[in-house]
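*Asks:* Sharing a structure, written as structure tokens. Questions coming.
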Amino acid sequence: MNTNNIWELAEAYLAGRLSLKEQGELKSRRETDEVFASEFNDNLNLISSLHSNGSQKRFRAMLSDIHQQQAAPVTTKIKRTIQLPAHFWRTSAVAATVALLTSFISYSIMSGGAKRNDANYTTISNTVRAIANDQNKLKKIVQDSVINKKSPIVPTSDVRRTGTGFALTNDGYFVTAYHVINDGNGEGDSVYIQSNDGIYYKAFVVNYSAESDLAILKVEKKNFQFTKGEVPYTFAGKKAMLGAQIYTVGYPQEDIVYSEGYISARNGYRGNSKQYTMELPAGHGQSGSPVIDARGNVLGVLTAISTPKESNTYAVSTDELLDLIEKMPPGNKMHLPKSNKLSRLSREEQISKMENYTFSVKVYKK
Amino acid sequence: MYSATNNEQQLLRALAKGERVATEQIYKQQFPIINSWLIKNGGSADDASDLFQEAMVVLFSKVQNADFTLTCAIGTYLFSISKHLWYKRLQQQQKEPGRLYDNTEDDGGDVGIAYEEDINVHHEREAHFNQLDAALDQIGEPCRSLLQAYYHKDKSMQEIAADFGYTNPENAKTQKYKCLSRLRKLFYSVQAK
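From first to last, the protein sequence lines are chains A and B.
Everything in the first sequence is counted per numbering that gives the first Met the number 0, starting at 0 for the first residue and increasing by one.
Everything in the second sequence is counted per numbering that gives the first Met the number 0, starting at 0 for the first residue and increasing by one.
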């Protein structure tokens with residue numbers, strides 16, 4: 000049998016074109032003739048790989064065709080009705096597509112607001128499932144509380160989201176990003192902060208602004224203090240200059256993480272004047288982190304990153320925060336720190352002070 | 000009786016054959032769900048179509064196997080595969096090493112492992128196909144175009160004979176077998192490395 004015949008035989012075998020008699024002959028030959036069997040098997044493998052590779056390629060081509068077809072009618076519609084600057088067109092078209100598609104499926108997404116439907120803007124709270132690491136920490140705290148009566152409160156249900164918060168006053172007021180508390184699917188049942196030493200404290204929302212994405216909370220415990228001293232940093236009353244060096248500390252993971260960068264644009268996402276655009280690495284879980292300048296002034300609260308490249312990070316500027324503090328409901332007396340004790344310290348010393356006032360915010364839901 | 004399960008089986012059989020109507024139906028039903036999930040979890044619309052198409056290919060390959068079993072609904076399967084692919088991608092980019100954050104409770108641990116397995120098989124298959132494509136690129140003309148026309152573009156030997164200027168399909172077929180022999184040599188030498 001020559002080479003071509005072996006190929007032909009393999010093809011016929013794969014296509015199921017062999018008669019019973021031919022199948023029998025093939026079987027006995029594969030059993031007795033080793034050289035033939037190995038060549039035949041190689042041919043068989045090669046042909047079937049070629050076939051499945053080919054059909055997969057056709058399938059992929061069809062998929063991207065379907066994808067384009069699904070996206071196309073929507074984009075033309077948007078183009079007709081809304082005038083947008085050219086560089087926003089693509090993003091907006093995608094966002095509109097997403098909005099249209101999701102509206103069939105999930106009302107909750109739609110009600111979450113325009114930002115949520117935008118592909119390039121991602122808030123960076125961390126939605127978590129019970130993580131082993133976390134569980135262990137919880138266990139340890141339960142044990143601690145039994146043994147030392149150190150922490151009477153231990154959250155019972157699962158962590159839904161984590162973010163970062165930092166103190167406004169030493170007596171328990173702190174700020175985080177509003178979407179950490181409410182991601183558009185309703186507020187969590189309870190909010191806890193976990194301080195640097197691992198102790199949980201329950202907190203409640205005092206004031207918030209969904210629009211600027213800020214929430215002010217207070218620790219429930221009476222006579223609570225973050226540390227012995229007053230909050231060492233101050234809050235910038237006006238917007239910082241372009242190019243200002245900045246850094247942040249937050250909790251993208253269980254341990255506090257430091258990162259640094261600079262202000263790259265005066266305004267935030269799509270020219271939002273309440274925000275800064277920054278070149279600053281940040282990840283999920285860092286929402287609510289303080290953005291601090293070299294002298295220890297808090298300039299803003301970290302809220303979002305642009306995806307997929309994550310080249311930009313956005314923060315709400317502190318004048319928004321100060322605004323929100325002014326509009327506090329009656330009965331809340333807040334004495335913001337007046338003197339800055341960080342300005343003369345080195346970066347390392349600043350960070351080690353900041354650590355005492357920056358903590359992980361955990362939102363629980365049953 | 001008409002039931003959802005029967006309907007899904009029919010859909011899968013049609014998908015296995017690469018039928019456009021069935022594929023489109025699954026696409027329309029499932030893509031928006033995955034798209035909105037991904038965007039909530041830090042992905043972009045481009046990521047979503049990437050991942051979803053990858054998940055569809057995983058499913059497509061899985062149903063090629065005559066005795067495949069799908070222990071859950073198509074939507075659940077695609078969603079889980081997409082999620083796993085996304086977590087893998089995040090891990091590779093080291094955005095969030097090892098952290099799987101999620102607010103849906105639909106997939107239990109065991110099922111997760113099964114998906115993991117499907118994805119691993121998928122990756123191996125992709126690597127295999129890449130080697131095959133690499134061998135095809137080295138084979139030279141007219142073999143490369145001829146084999147691609149037959150296997151990738153699904154053209155008949157008649158069409159190929161006409162396109163490539165062979166006097167009859169039989170001659171084209173002989174040429175195809177020669178090409179296959181060359182490809183075999185190249186492919187298995189690449190694999191041996």
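All C-beta atoms, glycine included, are put in the ideal place defined by N, C-alpha and C.
So which residues on chain B does Leu45(A) lean against when the C-beta distance must stay under 9 Å?
*Replies:* Result: Leu131, Leu179, Leu182, Arg183, Phe186 and Tyr187.
*Asks:* Keeping to the same chain, check which residues put their C-beta closer than 7 Å to that of Leu185(B); ignore five residues upstream and five downstream.
*Replies:* Excluding positions up to five away in sequence, the list reads Ala134, Gln137 and Ile138.
*Asks:* Smallest Cα separation from Asp292(A): which of Ala303(A), Met277(A) and Glu7(A)?
*Replies:* Taking only the C-alpha atoms, the option nearest Asp292(A) is Met277(A).
*Asks:* Residues of chain B with a CB under 8 Å from the CB of Arg59(A): which are they?
*Replies:* Chain B residues near Arg59(A): Gln52 and Val56.
*Asks:* Going by the DSSP bridge assignment, what does Pro289(A) pair with across the sheet?
*Replies:* DSSP output for Pro289(A) lists Val300(A) as bridge partner(s).
*Asks:* Under 8 Å Cβ to Cβ from Val56(B), same chain only, skipping five residues before and after it: list those, please.
*Replies:* His121.
*Asks:* Is DSSP giving Tyr187(B) helix, strand or coil here?
*Replies:* Three-state result, Tyr187(B): helix.
*Asks:* Classify Val190(A) as helix, strand or coil using the three-state DSSP reduction.
*Replies:* Strand at Val190(A).
*Asks:* Within its chain, find whatever has a CB closer than 6 Å to the CB of Glu259(A); leave out the 5 residues flanking it on each side and keep chain order.
*Replies:* Around Glu259(A): Tyr246.
*Asks:* Short of 6 Å in beta carbon distance, which residues of its chain neighbour Ser180(B), apart from the five on each side in sequence? Order them along the chain.
*Replies:* Result list for Ser180(B): empty, nothing under 6 Å.
*Asks:* With distances taken from CA atoms, which of Ala70(A), Glu33(A) and Ile324(A) is nearest Lys217(A)?
*Replies:* Lys217(A) has its Cα closest to that of Ile324(A), out of Ala70(A), Glu33(A) and Ile324(A).
*Asks:* So Phe128(B) contacts chain A; which residues on that side make the cut at Cβ distance below 9 Å?
*Replies:* The answer, in chain order, is Ser48, Ser51, Asn52, Gln55 and Lys56.
*Asks:* Residues of the segment 15-31 of chain B in Cβ contact with chain A at a cutoff of 8 Å, in chain order, please.
*Replies:* Per Cβ criterion, the list reads Gly17, Arg19, Thr22, Glu23, Tyr26, Lys27, Phe30 and Pro31.
*Asks:* Could you tell me which residues DSSP puts in a beta bridge with Ile262(A)?
*Replies:* Bridge partners of Ile262(A): Met277(A).
*Asks:* Taking C-beta to C-beta, are Gly164(A) and Phe173(A) nearer than 8 Å?
*Replies:* Yes, Cβ-Cβ distance for Gly164(A) and Phe173(A) is below 8 Å.
*Asks:* Buried or exposed: where does Val20(B) fall if 16 or more other Cβ atoms within 10 Å of its Cβ makes it buried?
*Replies:* Looking at its Cβ environment, which holds fewer than 16 other Cβ atoms inside 10 Å, Val20(B) is exposed.
*Asks:* Take Lys220(A) as the anchor and find which of Asn169(A), Pro231(A) and Val248(A) has the nearest alpha-carbon.
*Replies:* Measuring from the Cα of Lys220(A), the nearest candidate turns out to be Asn169(A).
*Asks:* Given this structure, state the Cα-to-Cα distance separating Gln8(B) from Val62(B), to the nearest angstrom.
*Replies:* Whole-angstrom Cα-Cα distance: 10 Å.
*Asks:* CA-CA distance, Thr22(B) and Ile255(A)?
*Replies:* Their backbone Cα atoms lie some 46 Å apart in a straight line.
*Asks:* What is the residue span of the beta strand (DSSP E) that Gly23(A) lies within?
*Replies:* Premise fails: Gly23(A) lies in the alpha helix (DSSP H), Leu19 to Thr31, not in any beta strand (DSSP E).
*Asks:* Flag this pair as yes or no: are the beta carbons of Leu279(A) and Ile215(A) separated by less than 8 Å?
*Replies:* Result no, Cβ atoms of Leu279(A) and Ile215(A) do not sit closer than 8 Å.
*Asks:* From the beta carbon of Leu146(B), is the nearest beta carbon of chain A less than 8 Å away?
*Replies:* Yes, contact with chain A.
*Asks:* According to the Cβ coordinates, are Asn52(A) and Phe67(B) closer than 8 Å?
*Replies:* Contact: no.
*Asks:* Under the three-state reduction of DSSP, which class applies to Phe58(A): helix, strand or coil?
*Replies:* DSSP places Phe58(A) in helix when its eight states are reduced to three.
*Asks:* Please report the straight-line C-alpha distance between Trp85(B) and Glu18(B), rounded to a whole angstrom.
*Replies:* The alpha-carbon atoms of Trp85(B) and Glu18(B) are separated by roughly 27 Å.
*Asks:* By the 8 Å beta-carbon criterion, what residues does the segment 213-239 of chain A contribute toward chain B?
*Replies:* Hits within the stretch: zero.
*Asks:* Within 8 Å of any Cβ in chain B, is that where the Cβ of Ile255(A) sits?
*Replies:* Judged by the 8 Å Cβ criterion, Ile255(A) is not in contact with chain B.
*Asks:* Give me the subset of the segment 67-84 of chain B whose CB atoms are less than 9 Å from a CB atom of chain A, sorted by chain position.
*Replies:* Per Cβ criterion, the list is empty.
*Asks:* Please work out which residues of its chain come closer than 7 Å, Cβ to Cβ, to Met333(A), disregarding the five sequence neighbours upstream and downstream, and give them in chain order.
*Replies:* So the list reads Leu167, Thr168, Tyr172, Ile324 and Met327, once near-sequence residues are dropped.
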